[in-house]
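Visitor: Quick note on the working numbering: the sequence shown kicks off at 871 and runs consecutively.
Attaching a single structure in structure tokens format; questions to follow.
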Amino acid sequence: MNPIRVLQWGLGAMGSGMAKLMLEKSGLQIVAAVDSRPSYVGKDLGEVLGVGKTLGVTVTDKPEDVLKKENVDIVIIATTSWVKDQMSDLRKIITAGVNCISIAEEMADADAQSPELAKELDELAKKHGVSVLGTGVNPGFVLDLLVVTLTGGNHRVERIEASRVNDLSPYGPTVMKTQGVGTTPEAFKAGVADGSIVGHVGFPESIHMISEALGLGVDRIEQTREPIISKVYRETPHVKVEPGMVAGCAHIGVGYRGDKEVIRLIHPQQIHPHLENQDTGDYIHIYGLPEIHMAIKPEIAGGKATMGIAVNMIPHVVAATPGLKRMIDLPTPAALMGESAYTRRV
Ligand code: NAD
């Protein structure tokens, strides 16, 4: 089996973790790496990753130099959360004739908030014969694909409630900013009002995906965001939080069909929740026939699982029919532990 050739685009907290994971997989080969950070450009990828050896791949900030379909089967892009901000890079990847996996939260279901851009990506991907997937731990897995999969034996679903109580500590500065971690409560409220603090990015995408997969007919989504104010000092490599400052965001998204609530997603996210005795966990409740209650404790580790799911989906995206895909459109993700995992029938 020839290894699948991967270009890793974005070498931040997530992208560098994905690159390290791919080094462990015999079915995958990193052939190129792109990042705009001046301190990375021109260095060997092994040095940037700190893996103690050179890899023969030089990090570049000029994707056009390495984005050749003769040499690259797929790009994993881990640069931003927003479809709009990623569009110019996505256009470059697709028009080069290369498949793509993005972990931008809005790309999990670009139709949810950017239907025109989703249409453009779908048409462009079909024209160039490539597939493009948005994925990640959430959106992309815990609060959508896992929910959908759990209803697989249901006769009826009347209402869904799912919550993810998680630890933000492994994430990079992009996530800290969009969650308002390290701000004052006043700055948090102002940030929510002016749109600079968004909390979790992904409720419209997850709710849209669940509704589409089951045919629940959600026609309206409402969201609320409140600061989680820390009582203790908390710190990660990217942020320091004094008592009285914001350690995270308690975010709720609700999907309605007419006046009826059909999907409620609850996501209090903070750094180091254990410092205030808060356990992490993922909980899914399906009300209908049968009624289902699932609890995963602690949470499926967000950083690790985002790296994992993006890498594990590589063979499915390479094998997929052309177009823009969501996790509900492709085979179930599975860890790539041996040759058969790369050659499942799709
Ligand atoms: P990060 O800030 O640590 O890293 C981003 C990297 O991308 C940086 O190295 C930066 O230099 C590089 N970069 C940015 N724009 C670029 C461009 N146009 N071209 C080349 N390089 C560019 O962020 P992270 O923690 O690695 O996360 C990356 C993104 O993925 C974030 O927006 C985050 O919200 C998202 N994310 C999604 C999920 C999910 O479940 N879907 C999970 C984790 C992270």
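Every residue, glycine too, gets a C-beta built ideally from N, C-alpha and C.
Predicted model, so just to flag it, every value in this text is computed and none were measured.
#1: Looking only at its own chain, which residues have a Cβ that is under 6 angstroms from the Cβ of Val-1035, when we skip the five neighbours before and after it?
#2: Helix or strand or just coil, what does DSSP make of Arg-907?
#3: Tell me, to the nearest whole angstrom, how far the beta carbon of Gln-878 is from that of Met-888; I am working on the premise that it is less than 8 angstroms.
#4: Which same chain residues end up closer than 7 angstroms to Ala-980 when comparing Cβ atoms and leaving out the 5 residues on each side of it in sequence?
#5: So what's Gln-1233 in DSSP terms, helix, strand or just coil?
#6: What distance in whole Å lies between the Cβ atoms of Lys-939 and Val-968, which are believed to be in contact at a cut-off of 8 angstroms?
#7: Does DSSP put Ile-1030 in a helix, a strand or coil?
#8: Under 7 angstroms: does the beta carbon of Asn-1008 sit that close to some heavy atom of the ligand NAD?
#9: Going by alpha carbons, who is nearest to Ser-984 out of His-1078, Val-927, Tyr-1212 and Arg-907?
#10: Going straight from the alpha carbon of Met-957 to that of Leu-1145, what length do you get?
#11: Does the stretch 1089 to 1096 come within contact of the stretch 1120 to 1127, defined as at least 3 CB pairs closer than 8 angstroms?
#12: Could you tell me which residues DSSP pairs with Ser-1001 in its beta bridges?
#13: Sorted by chain position, which residues of the same chain lie with C-beta nearer than 6 angstroms to Ile-1133's C-beta, five sequence neighbours on each side aside?
#14: Could you pull the DSSP bridge partners for Asn-1147 from this structure?
#15: Verify whether the separation of the beta carbon atoms of Thr-928 and Gly-916 is less than 8 angstroms.
#16: Cutting at 7 angstroms between CB atoms, please list the residues of its own chain near Gly-1158, excluding the five before and the five after it.
#17: Rounded to whole angstroms, what is the Cα-Cα separation between Leu-898 and Gly-912?
#18: Is it true that the stretch 1055 to 1075 meets the stretch 1005 to 1024, where meeting means three or more beta-carbon pairs spaced less than 8 angstroms apart?
#19: Shorter than 7 angstroms, the distance from the beta carbon of Val-942 to the closest heavy atom of the ligand NAD, or not?
#20: From Gly-922, Ser-951, Ala-902 and Asp-943, pick the residue whose C-alpha is nearest to that of Pro-933; which is it?
#21: Taking DSSP as the reference, what is the three-state secondary structure of Ser-1039?
#22: Under 8 angstroms between the Cβ atoms of Ile-850 and Asp-943?
#23: List, from N- to C-terminal side, the beta strand (DSSP E) runs of 3 residues or more that fit wholly inside the stretch 971 to 1002.
#24: Could you pull out every residue in the same chain whose Cβ sits closer than 6 angstroms to the Cβ of Glu-975, ignoring the five residues on either side in sequence?
Guide: Straight from the coordinates:
#1: On the sequence shown, residue 1035 is found 165 positions in, with the first residue counted as 1. Pro-1138, Thr-1150 and Gly-1151.
#2: Counting from 1 along the sequence shown, the entry for residue 907 is found at position 37. Three-state result, Arg-907: coil.
#3: In the sequence shown, counting from the first residue as 1, residue 878 sits at position 8. In the sequence shown, counting from the first residue as 1, residue 888 sits at position 18. Gln-878 to Met-888, Cβ: 6 angstroms. Contact.
#4: Indexing the sequence shown from 1 puts residue 980 at position 110. Contacts found: Val-953, Leu-987, Ala-988, Leu-991, Gly-1004 and Leu-1194.
#5: Residue 1233 falls outside the range modelled here, since the chain spans only 871 to 1216, and no answer is possible.
#6: Along the sequence shown, read from residue 1 onward, the residue named residue 968 stands at position 98. Along the sequence shown, read from residue 1 onward, the residue named residue 939 stands at position 69. The Cβ separation is near 5 angstroms, so the contact holds.
#7: Counting from one through the sequence shown, the residue named residue 1030 turns up at place 160. It is a strand residue.
#8: As a first step, residue 1008 is located in the sequence shown; it is residue number 138 there, counting from the start. Asn-1008: yes, Cβ under 7 angstroms from the ligand NAD.
#9: Here residue 984 is taken as the residue at index 114 of the sequence shown, counted from 1. It is His-1078.
#10: Mapped onto the sequence shown, residue 957 falls at position 87. Mapped onto the sequence shown, residue 1145 falls at position 275. Roughly 39 angstroms separates the two Cα atoms.
#11: yes
#12: Reading the sequence shown from its first residue, position 131 is the one you call residue 1001. Answer by DSSP bridge pairing, in chain order: Gly-1193.
#13: The residue labelled residue 1133 in the question sits at position 263 within the sequence shown. The answer, listed in chain order, is Ile-1030, Ile-1077, Ile-1080 and Gly-1125.
#14: Position 277 of the sequence shown, counted from the first residue, corresponds to residue 1147. None, per the DSSP bridge assignment.
#15: Taking the sequence shown and counting its residues from 1, the one referred to as residue 928 is at position 58. Taking the sequence shown and counting its residues from 1, the one referred to as residue 916 is at position 46. Their beta carbons are not under 8 angstroms apart, which means Thr-928 does not touch Gly-916 by this criterion.
#16: Numbered from 1 along the sequence shown, position 288 holds the residue referred to as residue 1158. Closer than 7 angstroms at the Cβ level, and outside the excluded window around Gly-1158, lie Asn-1024, Arg-1026, Val-1027 and Glu-1028.
#17: Locating residue 898 in the sequence shown gives position 28, where the first residue counts as 1. Locating residue 912 in the sequence shown gives position 42, where the first residue counts as 1. Their Cα atoms are separated by approximately 23 angstroms.
#18: yes
#19: As a first step, residue 942 must be located in the sequence shown, where it is residue number 72. No, the beta carbon of Val-942 sits no closer than 7 angstroms to any heavy atom of the ligand NAD.
#20: Position 63 of the sequence shown, counted from the first residue, corresponds to residue 933. Nearest of Gly-922, Ser-951, Ala-902 and Asp-943 to Pro-933, Cα basis: Ala-902.
#21: Here residue 1039 is taken as the residue at index 169 of the sequence shown, counted from 1. Coil, per DSSP.
#22: Absent from the structure is residue 850, since the part of the chain shown begins at 871 and ends at 1216.
#23: none
#24: Within the sequence shown, numbered from 1, the residue matching residue 975 stands at position 105. Hits under 6 angstroms: Ser-951, Pro-1009, Val-1071 and Gly-1072.
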